[in-house]
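Engineer:
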């Protein structure tokens, strides 16, 4: 497999222009968040994680994901999506230094619960994509031998450290190279898409929020997988163009989601009866980040004593902002159904239209 540390990234003028326009749109969207960063950064991070997981055929409703975030592990896919959110969060947190340990930490956050034996470890065996379980003879793609993984990753990281390649093009090539190396037994796609966000933050293209580019890739997975295939035959332009186009689609979808959430929050202001200084409003703001809550979460996030939590939930429950669904005296849990509906609508708009094996 060719190394990329010193490779020239040759792109046509139209692809470079498309990538530049997408970069400007990403930066503009990031700037738009302004003072609203806190609630919407969490929403966008979760949405990106869910879309990235769906590319791997891991789907769950917004409600199931939110319930998994507060400890309900009964739905396998939802738990895996929450783990992907943790990996994305690690990617952003570690973006100041993109090195081997940072990539291993992303993978560890992703796979630590489901595959603890291999989480955060480079693969130690040959793998292949497609074909059958007996051997790689009819595989769609055979990644490099496992003995080459660390050297290939070091080469990739040298490419990531360069400052002479346009950021979006660099992220697209780095992602495709990572998927080609396929350094882990499982979780390569999700970790590789987390790497994109780490690079966008590291290079300063995003500063506040996670642009849900996976929601854009999800729109046409056949084109995405086709771009990865083209990259492996020596044509990186398709991957750069695909990431740029995915960014436009994702930002349009994200803007619609945020507009819907703003309208939901404004409607609560009109419906809820509470003093201006009541902690009920802090609970309302929390629901944009965590649309399923219990008393423990409210206490942890807002510092409200457990004995007082229900006092501030009740005004929201009285007008239907919150709906209890546990119907028990202890360990009660509430859903903000309007927020969950907006998140599900975002996922439906992204909805996978075409598929391909990868």
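In our numbering, the protein residues as written are 20 to 377. Every residue gets a Cβ at the ideal spot worked out from N, C-alpha and C, and that includes glycine. No experiment lies behind these values; they were computed from the predicted model shown.
Between residue 39 and chain B, is the shortest Cβ-Cβ distance under 8 Å, so that the two count as touching?
Structural biologist: Considering every chain present, this structure includes no chain B. It has just one protein chain.
Engineer: Could you tell me which whole beta strand (DSSP E) segments of length 3 or greater appear in the region 207-292?
Structural biologist: Listed in chain order, nothing qualifies, since the region 207-292 has no complete beta strand (DSSP E) run of 3 or more residues.
Engineer: One question on the structure: do residue 293 and residue 325 come within less than 8 Å of each other, judged by their Cβ atoms?
Structural biologist: No.
Engineer: Going by DSSP in three states, residue 148 sits in which element: helix, strand or coil?
Structural biologist: Note: residue 148 maps to strand in three-state DSSP.
Engineer: Return the first residue and the last residue of the beta strand (DSSP E) that residue 132 is part of.
Structural biologist: Segment: none, residue 132 is in no beta strand (DSSP E) and carries neither H nor E.
Engineer: Can you have a look at residue 344 and say buried or exposed, based on whether 16 or more other CB atoms are within 10 angstroms of its CB?
Structural biologist: Exposed, because fewer than 16 other Cβ atoms sit within 10 Å of the Cβ of residue 344.
Engineer: Can you name the residues that DSSP bridges to residue 312?
Structural biologist: Paired residue(s): 353.
Engineer: What does DSSP give as the partner residue(s) for residue 343 in the beta ladder?
Structural biologist: According to DSSP, which records beta bridges pairwise, residue 343 is partnered with 353.
Engineer: When DSSP labels each residue in this structure, what does residue 160 get in the three-state scheme?
Structural biologist: Strand, per DSSP.
Engineer: Check whether the Cβ atoms of residue 197 and residue 206 sit closer than 8 Å, and answer yes or no.
Structural biologist: For residue 197 and residue 206, no; Cβs fall outside 8 Å.
Engineer: Helix, strand or coil for residue 203 per DSSP?
Structural biologist: The answer is coil: DSSP assigns residue 203 none of H, G, I, E or B.
Engineer: For residue 263, which residues of its own chain have a beta-carbon under 7 Å away from its beta-carbon, when the five flanking residues on both sides are left out?
Structural biologist: Within the same chain, residue 263 has close Cβ partners 37, 38, 41, 187.
Engineer: Give the range of the alpha helix (DSSP H) segment to which residue 336 is assigned.
Structural biologist: Start and end: 328-337.
Engineer: So, is residue 96 buried or exposed, given that buried needs 16 or more other C-beta atoms within 10 angstroms?
Structural biologist: It is buried - the Cβ of residue 96 has at least 16 other Cβ atoms within 10 Å.
Engineer: Apart from the five residues on each side of it in sequence, which residues of its chain come closer than 8 Å, Cβ to Cβ, to residue 194?
Structural biologist: For residue 194, where only same-chain residues beyond five positions count, the Cβ hits under 8 Å are 211, 212, 214, 215, 258, 262.
Engineer: Please give me, in chain order, every unbroken run of the beta strand (DSSP E) with length at least 3 that falls completely inside the region 59-132.
Structural biologist: Listed in chain order, there is nothing to give.
Engineer: If you run the structure through DSSP and keep just helix, strand and coil, what is residue 192?
Structural biologist: The answer is helix: DSSP assigns residue 192 an H, G or I state.
Engineer: Give me the Cβ distance between residue 165 and residue 142, rounded to the nearest whole Å; I'm assuming they're in contact under 8 Å.
Structural biologist: 5 Å between Cβ atoms; contact.
Engineer: Considering only the beta carbon of each residue, do residue 270 and residue 230 sit closer than 8 Å?
Structural biologist: It is a contact, given that the beta carbons lie within the stated cut-off.
Engineer: Locate the alpha helix (DSSP H) running through residue 51, then write down its first and last residues.
Structural biologist: Residues 32-52.
Engineer: Check each candidate in 322, 237, 255, 308 and name the one with the smallest Cα separation from residue 357.
Structural biologist: Residue 308 is the option with its Cα nearest to residue 357.
Engineer: Taking the C-alpha atoms as reference points, what is the distance between residue 375 and residue 330?
Structural biologist: Confidence at residue 375 is low in this model, with a pLDDT of 38, below 50, so its placement is unreliable and the value that follows should be read with caution. Their backbone Cα atoms lie some 51 Å apart in a straight line.
Engineer: Which residue comes first and which comes last in the alpha helix (DSSP H) that contains residue 174?
Structural biologist: Residues 168-179.
Engineer: Hey, is the region 105-118 in contact with the region 82-89, meaning 3+ C-beta pairs nearer than 8 Å?
Structural biologist: No, the region 105-118 is not in contact with the region 82-89.
Engineer: Could you compute how far the alpha carbon of residue 100 sits from the alpha carbon of residue 283?
Structural biologist: Roughly 25 Å separates the two Cα atoms.
Engineer: Would you kindly work out how many angstroms separate the C-alpha atoms of residue 167 and residue 232, rounded to a whole number?
Structural biologist: Their Cα atoms are separated by approximately 30 Å.
Engineer: Please look up how many angstroms separate the CB atoms of residue 179 and residue 218, rounded, as I've assumed it's under 8 Å.
Structural biologist: Contact flag correct, Cβ pair sits at about 6 Å.
Engineer: Shortest alpha-carbon distance to residue 139 belongs to which of 251, 253, 125, 267?
Structural biologist: Nearest of 251, 253, 125, 267 to residue 139, Cα basis: 125.
Engineer: Does the distance from the C-beta atom of residue 256 to that of residue 23 stay below 8 Å?
Structural biologist: Taking 8 Å as the Cβ cut-off, residue 256 and residue 23 do not qualify as a contacting pair.
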